[in-house]
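Q: If you want my numbering, it's the position in the sequence shown, counting the first as 1, plus 42. Every residue gets a Cβ at the ideal spot worked out from N, C-alpha and C, and that includes glycine.
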Amino acid sequence: MLTLATDIEVLARFGRALADPIRCRILLALREAPAYPADLADVLKISRTRLSNHLACLRDCGLVVTVPDGRRTRYELADDRLGHALDDLRTAVVAVAADRTCTETDDKGCC
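(1) Entirely within the segment 76-148 and at least 4 residues each: give me those alpha helix (DSSP H) ranges in chain order.
(2) Quick check: what's the CA-CA separation for residue 109 versus residue 134?
(3) Short check: CB of residue 79 to CB of residue 89, under 8 Å?
(4) Terminal residues of the continuous alpha helix (DSSP H) containing residue 71?
(5) Assign residue 50 to one of two classes, buried (16 or more other C-beta atoms within 10 Å of its C-beta) or exposed (fewer than that).
(6) Do residue 119 and residue 106 count as a contact pair if the criterion is CB distance below 8 Å?
(7) Can you have a look at residue 113 and say buried or exposed, based on whether 16 or more other CB atoms are within 10 angstroms of its CB?
(8) Output yes or no for whether 8 Å exceeds the beta carbon distance between residue 58 and residue 104.
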């Protein structure tokens, strides 16, 4: 059981980052390779302003970092382990959903 405030805060930040589909798409794109904001906006088909707000959230959560590259700034995952964590979390959720192990799924729609 998690008892340390820092452990709980870290998981809450990760959950906050994953709570928005656009931020999930950004993380998955950066899992593949570092990218410049303009390129991310084009790939994700969102405005640069909207992307900027989501990147700021991800930076505040500690999940992405900026890397100066001449006059430009590139974004990448703060740690390679985050890419692995995203893969593990995604496959675990898919596996649980396939099993439908929650006994209250039909009654309460919890899963």
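A: In short, the structure shows the following:
(1) Complete alpha helix (DSSP H) runs here, min 4: 79-86, 90-102, 122-141.
(2) Residue 109 and residue 134: Cα-Cα distance of roughly 31 Å.
(3) Result no, Cβ atoms of residue 79 and residue 89 do not sit closer than 8 Å.
(4) It spans 63-74 - the alpha helix (DSSP H) in which residue 71 sits, taken as one unbroken run.
(5) Classification of residue 50: exposed, given that the 10 Å Cβ count is below 16.
(6) For the pair residue 106 and residue 119, the CB atoms are nearer than the 8 Å cut-off.
(7) Only exposed fits residue 113, as fewer than 16 other CB atoms lie within 10 angstroms of its CB.
(8) Between residue 58 and residue 104, the C-beta gap is not smaller than 8 Å, which leaves the two residues out of contact.
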